[in-house]
Each structure stands twice: as C-alpha cells, then as structure tokens.
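Input: a single structure, listed below in structure tokens.
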Amino acid sequence: VAEFNKVHSVTEMPEADDAKRNFHHRMFLEPQEKKRSVKALVVKQAKKTCSCTPAKVKDCVFSFFPFLQWLPKYKPREYLLGDIMSGMIVGVLLVPQSIAYSLLAGQEPIYGLYTSFFANIIYFIFGTSRHISVGIFGVLCLMVGQVVDREIQRAGYDLEPASLSVLTDAAAYVNTTISPVNQTLQKLLCDKSCYAITVGATMTFIAGVYQVAMGFFQVGFVSVYLSDSLLSGFVTGASFTILTSQAKYLLGLDIPRSSGIGSLIATWIHIFRNIHKTNICDLVTSFLCFLVLIPTKELNEHFKSRLKAPIPVELVVIVAATLASHFGKLRETYGSSVAGHIPTGFLPPRPPDWNLIPNVALDAIPIAIIGFAITVSLSEMFSKKHGYSVKANQEMYAIGFCNIIPSFFHCFTTSAALAKTLVKESTGCRTQMSGMVTSLVILLVLLVIAPLFYSLQKCVLAVITLVNLRGALRKFKDLPKMWHLSRVDTVIWLVTMAASALLSTEIGLLVGVCFSMLCVIFRTQRPEAPLLGWVAESETYESLSAYKNLQTKPGIVVFRFEAPLYYINKECFKSTLYKQTGVNPVWVKAAKKKAAKRMLREKEVDSGGNQTSISMDFVSEPLGFHTIVIDCCAVQFLDTAGIRTLKEVYKDYREIDIQVLLAQCNPSVRSSLIRGEFFKEGEDHLLFHSVHQAVDFALGAQEHSETSASK
C-alpha cells in the first residue's frame, strides 16, 4: 500500500525519465454497480412481504408471541425457585406502590392494582426481556394525572379527590333520612370516579396504539433523540412536580391541584397560603413514615449484596399505619384523609370513550414515546448484562399491548421501571415467569386483602411515592462527574430538568429534545478545524495543537475540518481555513488589483500622461506555501452549499497560484464531488486516498516545477 501512496524518487535519473520522476501512482478503485430500479426493489419487497409459507407463518407466530419459544424450553429445576422468589418480592413491593401511584394518576387505589396485575400478564406473553419489571411508573402516572385533572375540570367536576373522599366517607355516616341529598352526592361521586378512570383508560389506549404503530412501521429510531442525559433530566424535573403534587397529602391540606404551565410554582403558592390549615396528625404520621422508610431503604441498598431479598419495609409501614389509623380512629378524631373503600374482584370490561380521543390524542404522544424509550433502553441494558438478545421492535409491541388490552379493564399507562427491575434481577429472576408470580401476588390482594386498607392514610401513600424519588433526585450528586465528562450533556440535563419542573412535563420533554438537537447543530456549526503535522517515520498526520514534536512539510499546509460540510457551517469552514492558513485569497486578489492600479497610475505620471501598456504581473510577496491539503476524513457528507464552497475555495486559491488537494474523502463525499462537477476534465487525480499520498504528490509536483523553471 505504501508503494501506491508514494511518488517514485530516484537519486540519479536520465533526462528522458525526468517526466516519470514525479509520476503519481494512484490506487484505482472500481465502484460497485448500483441497481436503482425502484420498481424492482418494490416488487422484491412485496414478494418477500406477501409470500406465505408454513415456515414463515411459524416464524411470525413465534416472533409475535415469544413465550411460545422459551416456555417449552423452561427448566423448572434451574429457574423456578429464582422466578418464584423474585416474583413474590416484586409483588410485595408493587402492592403499596400501585396504591400510592394511583393518587398520582388521579385514580382510585383499586385501579393501580388492576394496572399492575394486567401489565405483568401481558408482558409475559409478548415481552422478550427476562428481567425488566413492567408496571406503574411515577413520571407516566404524573402525566396521566395532569390530563385527568384537566378533563375532569372541563367536564364540570370542580372538587378535588381529597375532599371528595372525605365527603364519601361522611355520606356513609349521615342519617339516611336525608336521602335526596345523599343520593345526588353519591351519583356525583360515582360519576367523577368513573370519569377519571375513563379519561385515564382512553389515553392509555391511544398511547398503546401509538406504540404498536411505531413497532409496525419500525420507527423506533424516534427514541434515539431521547439521549440518556435528556431522559435523566426529564425524570428528575418530573420528580420535582411529583414531590409538589404530593406535598398537600403530607400536610393534610385540601387545595386545588394546579395544572398547565407553571403548575409547580402555583401549587407551592397554594400550599403556603393554606399552611395554617395543616393537619397535625397527617404531618406527624408523614414524619414517622419518613423516619422508618428512608433509613431502611438505605440499608437495603447498602447491604443488597448480602441480603437475599430486600426488606419489604413499604408493606410493613402500610400494615402498621393501617392498624394504627383503624384502632386509633384517626379519620374520625383528627380528620385524616384515608384511602377509603377498596373493592374486591374485578369490574366488568368497558371500552374507552371514543368521544374523548380528540381531547387526549396529543397528550398521549409524549407518554407513548417516554414509555417505550424507557422500556427498550432497560431491556437492552439487562440483555447485554446477562448475555441474551431482545428485539426492540417486539418490545414496542409488548409495551403497546400492555397499554391497549388493560385499557378495557379500567387501567392506566404502564412501562418498565428501573427500581423494580433492579430488585427483580437481584433476587434471582431467570425468565418472564417471574412476572406471572407477581401477578398472582397482586391477584391475592385484589380478591382478599384490598378492603383491609380502608383506614390507610393518604399521607402514608404520599411518603411511599416521595421516598421512591430518591434515585432521580440523587442525580444532582452526579453533576460534577457529568460536567467533567461532557459539558454539553450536563447543559442538556439542566435545561430539560428545569423546563420539566418549571413549565410542564410535556413542554419540558419537547424543550429537551429541541435543545439537544440544537446542541448537535451548534457542534457542527463551530467544529474543530486544526492544522496537521507529520508524525516522523510514519504516514500519520495529527493535530499540531494537540501533540508536540510534529513536523511540517515545507510549502504545504494540511487542514482538517471535523464536521460535515453543509449550509450551516460553510462560512465557518471558509473563515477557519483562511485564519489557519493565514491567507485569504479574496484579500490577496484584491490587494494585487489595488497594487496593479497604483503601479499603473505611477507609470502614467512618470511618462507625462502618455498611455503606456504595462504588464499586470508584478512580483508580490511570497505567501509561504504552495499547496493546501484538506483532510476530509471527518466530513461525513456534503450538500449543495458544501460543494459550492469547496469549488469557491479551490478556484480562489488557484487564482493566487496555490493548489488545493482533497484527501481521505469517503465514498459519499467522493460521489457528491463527482456529481457536483467539482473537478474539471482530467483533474480528478487531485483526489487522494490518504494525506500522506497527497503531501508526497505536492512535494513531487513542486520539485518538478522548480526543476522545469531552472531549465
């Protein structure tokens, strides 16, 4: 290869061979023939898609229902114990979280249990990841709750869930002689509760349809716009909104739930205006729950390698708090807000409200994107860790059906959740069978235990929700490390977090996506563009500003532009090239013309006004170099503006006797240059496969030129 890249140099050579002395040996690459028949491609794809053979039908069925592949290969002796243990532990943890997150979604506690139950069963059928835990996710619950509150207000319900719950409980104790009032109140309450889950289920259905459509049309690439820093900032910002929405339960306040832009600030204003109405019983209960939950959670994390299973402290707190509230009669004595009646069994299925779809269709888009992005990223993370493969497209189908099917059974949006997935993995999970065990635990609660939580205070549920936000809020500790690794990612994290917290979750997500894309554009708009030097005894050229002891070839400047060359950065390319080389050809040409005019005027004065023709050529100051080699290895593509810019640079420098050579162009750039007629006929030899090859050519050409001039 080196022989191809070098110019033949011989110490002694006859004059007859002088022309061969600087002959440049090129590498000839024959391009592949590209078949551009659109009709043939369409016909081929149609045959492939529409063909139906028994083998293909079998593959489609097994691919769409992955459990048919792994279930017959299930090894009970190896897998069953780990699956049962992890499923039971996740189920025990999921019960209190399902009840708590129902408040966040603006729903009754029973609907959170329904959601967790159905999600695990459906993911067992359609999912390909063995370890992720699908169920209620706090950020999605918050987004659902905001839409539910908005639609409830539009429908004319202006009472808050907390106050409605108190009225419900009071109505049960009022003498039935005031039957007309009670019946009207009960009708209103039932309508509001049913309407809330109808809104939530309808939006869940639409979000699931979006996710299945993404899987069908294979547009999962949308998730690439949600970087890790963006998602982390979004979750942290949403955590502040969750904290704010749960603060009123901690204090036992009955205040309206704010929605829309600036809801976080508006909610805190309402809280401080009503702080004197704090329920001391709820405040003390919240404080005691924090004292128990936070240290125990920290111990679970600190000793997770030694513990066979985490301590189910949330379930212990819920049981203890329910017993204390029931026997202490906290609701009757201190007016504490409680969960109320949680029915057993299942409600009959009901389709979504099709009339609500226009109202919630847009709101379901960010929910669908966030849900599948988190699910796919977690499934890929754990599959790589444990050495098996998942199908991202099938994961979109799985999470989509985890939303579509449960929406007919009074459920709201689900996705994978990191905290429960980590617990599931650390407690011995081996296959998706663990999810079925989790569903059985929740089923036991639904059929038998649920009514026993009647006296559970809502402040306890709020504490459970807030304690589970610790992971998101801890991201602030990682900021110095993130700043050290990438300042751009840190700024994206901060902007997304601030927008999600201070504006709204949906707008925050949009702001984060737009800002991260702008950062990419800004990076290509002002890229690095160093001069390169030669590494001795090699064919390598590296940045002069980054490394020491690099050599430069006399009369040759090597310039690298580290970004695509397109309409946004074309002016940056030219200005940086002129600055780095120290020669602006436009200014040089203008200076030559100005000097020529001045010489003409001086000649006319010297000759007494006689018109004398003089040569426009004059001896100018040497420019210091005769060749510019542009290293295009980092130029991924050219658009029409980029091609035009290269043409201008090539033409302008040639007019001041400086040649421009291009090196290391990829096939896409080379093709663009040929289509854009960058080279005149016979000049395509000025395109080189390496910088070293271009430099050797320039040195040989200059030596040949000097030899010819001396003769």
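The sequence shown maps to residues 1 to 711 in UniProt numbering.
Glycine is no exception: its CB is placed at the ideal position from the N, C-alpha and C atoms.
Contacts around residue i, its chain only, beta-carbon distance under 7 angstroms, and the 5 residues preceding and following it disregarded
i, result
"Q218", "N393"
"V92", "P312, L315, V441"
"S116", "L94, S98, G135, I136, I442"
"I357", "T202, I206"
"F124", "F67, Q432, G435, M436"
"L140", "I367, I370, G371, T413, S415"
"A641", "Y566, Y567, K570"
"residue 712", "Residue 712 lies beyond the range of the chain shown here (1 to 711); nothing can be said about it."
"V317", "C289, V292, L293, V460"
6 angstroms Cβ shell around residue i - same chain, five flanking residues per side excluded
i, result
"residue 726", "Lying before the first or after the last residue shown, residue 726 is absent from the chain, which here runs from 1 to 711."
"I122", "F401, C402, I405"
"F637", "P564, S668"
"L347", "H410"
"A339", "P109, F453, L456"
"K248", "I255"
"Q525", "I568, N569"
"N666", "none"
"R257", "D149"
"L623", "V583"
"H386", "none"
"F23", "Any reading at F23 must be qualified, since the residue scores a pLDDT of 44, below 50, and its modelled position is unreliable; the value itself is stated next. Correct list: empty, nothing qualifies."
"S708", "none"
"A119", "V134, G135, C402, T414"
"A634", "E562"
"A462", "Q246, Y249, L250"
Residues bridged to residue i [DSSP beta-bridge criterion]
i, result
"V148", "The partner list for V148 (beta bridge, DSSP) is empty, contrary to what the question assumes."
"I630", "F559, L662"
"Y541", "W534"
"V43", "Beta-bridge pairing links V43 to no other residue."
"A416", "V134"
"F678", "DSSP lists no partner for F678."
"Q551", "W534"
"F126", "Paired residue(s): none; F126 is not in a bridge."
"L638", "L565"
"I688", "The sequence shown places Phe at residue 688, rather than the Ile named in the question. BP columns for F688 point to A663."
"V338", "Q457"
Proximity to residue i [Cα-Cα], best of the options
i, options, result
"S337", "V437, F561, K458", "K458"
"K73", "L447, L418, D639, R430", "R430"
"G428", "S455, V90, G135", "V90"
"T627", "E655, V513, C633", "E655"
"G345", "V491, P451, T540", "P451"
"Q659", "A698, T267, A634, N666", "A698"
"R644", "K477, A498, S672", "S672"
"R154", "G127, V199, I136", "V199"
"V448", "Q432, P343, K75, F382", "P343"
"Y101", "M214, N468, S434", "N468"
"V491", "R470, V513, N274", "V513"
"N359", "Q146, A590, K58, S486", "Q146"
"Q693", "V629, K680, G642", "V629"
"V495", "S232, R306, P76, K680", "S232"
"S227", "F679, E542, C519, L293", "C519"
"L142", "G335, T640, N279, L243", "L243"
"H276", "T296, L251, E298, Y547", "L251"
"T438", "P349, P295, H131", "H131"
"G676", "D639, L661, D657, A701", "D639"
Cβ neighbours of residue i in the same chain (closer than 8 angstroms, five flanking residues each side left out)
i, result
"V445", "V95, L113"
"L81", "G428"
"I178", "Bear in mind that a pLDDT of 37 at I178, under 50, signals an unreliable position, so the model cannot answer this."
"V61", "L68"
"S407", "A201, T202, T204, F205, G208, P352"
"V212", "M396, Y397, G400, F401, I404"
"Q664", "D631, C632, C633, F688, H689, S690, V691"
Check whether the region 644 to 661 touches the region 578 to 596, counting contact only when three or more Cβ pairs, one atom from each stretch, lie closer than 8 angstroms.
yes
Does the region 256 to 273 come close enough to the region 495 to 508 that 3 or more CB-CB pairs lie under 8 angstroms?
yes
Hey, is the region 323 to 343 in contact with the region 272 to 289, meaning 3+ C-beta pairs nearer than 8 angstroms?
yes
Whole alpha helix (DSSP H) runs in the region 226 to 291 with 4 or more residues, listed along the chain?
228 to 251, 263 to 273
Of all the alpha helix (DSSP H) runs that stay within the bounds of the region 467 to 538, which reach a length of 4 or more residues?
470 to 473, 479 to 485, 487 to 502, 505 to 525
Could you check whether the region 472 to 483 touches the region 234 to 253, counting it as contact only if at least three pairs of C-beta atoms, one from each stretch, sit closer than 8 angstroms?
yes
Decide yes or no for the touch test of the region 363 to 377 against the region 415 to 424: beta carbon pairs closer than 8 angstroms, at least 3 of them.
yes
Could you say if the region 552 to 563 and the region 521 to 541 meet the contact criterion of at least three C-beta pairs nearer than 8 angstroms?
yes
What are the uninterrupted segments assigned as alpha helix (DSSP H) that are 4 or more residues long and contained completely in the region 384 to 461, given in chain order?
392 to 404, 418 to 426, 433 to 444
Every unbroken alpha helix (DSSP H) inside the region 97 to 126 [4 residues or more]:
109 to 126
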